[in-house]
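K.L.:
Below are the structure tokens for one structure; questions will follow.
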Amino acid sequence: MSDAARSGQFLGQRMGEKQVHELMGLARGLLADGSLNDDEINFLHRWLAANDSARANPLVSRLVARLDAALADGVIDAEERADLVSTMQALTLNDFELGEVLKSSTLPLCDPLPTMEHAGKRLCFTGTFTFGTRKECEAAASALGAICGSLTQKTGYLVIGEYATESWKHSSFGNKIMQAVEWRDAGLPIRIVSEQHWRRHLG
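Right under this line is the structure:
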């Protein structure tokens with residue numbers, strides 16, 4: 146590689162790192178009130194399109210994938226909005242970069258973990274997933290015969306995404322987990338499992 150090419154590659158890496166730091170500051174500002182409105186989401190999408198070199202960072206590429214999925218149909222639903230908030234919270238806390246995942250001991254997972262079935266079972270996905278977007282997880286489960294949707298008293302499995310902060314009770318999806326725990330404690334047959342456990346049963 147020539148000196149000029151080497152210098153260009155180094156400059157590109159430095160620019161990418163600078164943009165990632167700018168993005169983290171931007172994300173903290175957007176999340177100051179703990180939520181994201183449509184204007185903020187669209188602004189973030191435009192910023193990422195204009196700062197393309199930031200996408201080389203795996204943290205950012207995951208955020209871009211979730212933004213693209215949320216905006217694909219022109220309507221950002223509540224679950225997609227919560228997913229974006231969780232992803233950006235992880236980005237600002239460096240959770241993806243540090244490889245931090247929710248420890249089983251911090252989550253109200255079923256113990257022992259159940260053998261999972263998909264065919265005819267109702268699944269609800271919440272959190273941020275290593276597998277892909279929530280819709281991609283739902284598509285994989287639906288392909289095996291599962292019925293995917295929001296958390297209800299008829300839900301058979303609540304699947305919690307692998308990435309999140311340790312303070313999950315205060316996260317955007319904490320209320321959903323606590324609701325599932327309440328129903329489970331009341332005797333409803335809802336099972337709470339991790340993304341890792343769900344992926345073991347994809348076949």
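Take the sequence shown: its letters are residues 146 to 348, numbered as in the numbering used here.
The C-beta atom is built at its ideal place from N, Cα and C for all residues, glycine as well.
What you are looking at is a predicted structure, and each value in this text was computed from that prediction instead of being measured.
Just to confirm the assignment: which complete alpha helix (DSSP H) runs, minimum length 4, are found wholly within the stretch 160 to 230?
P.N.:
183 to 195, 203 to 216
K.L.:
Could you tell me whether the stretch 220 to 231 touches the stretch 264 to 278, using the rule of 3 or more Cβ pairs below 8 Å?
P.N.:
yes
K.L.:
Report all residues from its chain with a CB closer than 7 Å to the CB of Arg211; omit the five preceding and five following residues, and keep chain order.
P.N.:
Residue numbering aside, residue 211 sits at position 66 when the sequence shown is read from its first letter. When the five nearest sequence neighbours on each side are left out, the beta carbons in the same chain lying within less than 7 Å of the beta carbon of Arg211 are those of Asp228, Leu229, Thr232, Thr278, in order along the chain.
K.L.:
What residue does the beta strand (DSSP E) around Ile305 start on, and which one ends it?
P.N.:
Here residue 305 refers to the residue found at position 160 when the sequence shown is read from its first residue. That run of the beta strand (DSSP E) goes 302 to 305.
K.L.:
Reducing DSSP to helix, strand and coil, say where Ser339 ends up.
P.N.:
Along the sequence shown, read from residue 1 onward, the residue named residue 339 stands at position 194. Strand, per DSSP.
K.L.:
Give me the DSSP bridge partner(s) of Leu268.
P.N.:
If you number the sequence shown from 1, residue 268 lands on position 123. Per DSSP, Cys293, Tyr302.
K.L.:
Leaving out five residues on either side along the sequence, give the residues of the same chain with a beta carbon under 7 Å from the beta carbon of Gln298.
P.N.:
Position 153 of the sequence shown, counting from 1, holds the residue named residue 298. Same-chain partners within the cutoff: Trp328, Leu333.
K.L.:
Can you tell which of Leu296, Asp183, Arg344, Leu347 has its C-alpha closest to the C-alpha of Met91?
P.N.:
Limits of the chain in this structure are 146 at one end and 348 at the other, which puts residue 91 out of reach.
K.L.:
Given that a residue counts as buried once 16 or more other Cβ atoms are within 10 Å of its Cβ, and exposed if not, what is Met261?
P.N.:
Position 116 of the sequence shown, counted from the start, is the residue given in the question as residue 261. Flag for Met261 reads buried.
K.L.:
Output the distance between the C-alpha atoms of Ala285 and Ser198, rounded to the nearest integer angstrom.
P.N.:
To locate residue 285, count along the sequence shown from 1; it is residue 140. To locate residue 198, count along the sequence shown from 1; it is residue 53. Straight-line Cα distance between these residues: approximately 31 Å.
K.L.:
The alpha helix (DSSP H) with Asp256 in it runs from where to where?
P.N.:
The residue you call residue 256 lines up with position 111 of the sequence shown. Here Asp256 belongs to no alpha helix (DSSP H), and DSSP marks it neither H nor E.
K.L.:
CA-CA distance, Ser206 and Arg173?
P.N.:
For the purposes of this step, residue 206 is taken as the residue at position 61 of the sequence shown. For the purposes of this step, residue 173 is taken as the residue at position 28 of the sequence shown. If you take the alpha carbons of Ser206 and Arg173, they lie about 18 Å apart.
K.L.:
Span of the alpha helix (DSSP H) holding Gly319?
P.N.:
Numbered from its first residue, the sequence shown carries residue 319 at position 174. Counting along the chain, the alpha helix (DSSP H) containing Gly319 begins and ends at 319 to 330.
K.L.:
Suppose you measure from the CA of Ala201 to the CA of Leu208; what does that come to, to the nearest Å?
P.N.:
The residue you call residue 201 lines up with position 56 of the sequence shown. The residue you call residue 208 lines up with position 63 of the sequence shown. Each residue's Cα considered, the two are about 12 Å apart.
K.L.:
Alpha carbons only, please: which of Gly170, Leu258, Gly294 is nearest the one belonging to Thr237?
P.N.:
Within the sequence shown, residue 237 is the residue found at index 92, counting from 1. Answer by Cα proximity: Gly170.
K.L.:
When burial is assigned at 16 or more other CB atoms within 10 Å of the CB, is Arg159 buried or exposed?
P.N.:
Within the sequence shown, the letter at position 14 stands for residue 159. Interpretation of Arg159 is limited by its pLDDT of 44, a score under 50 that renders its predicted location unreliable; no figure is taken from the coordinates.
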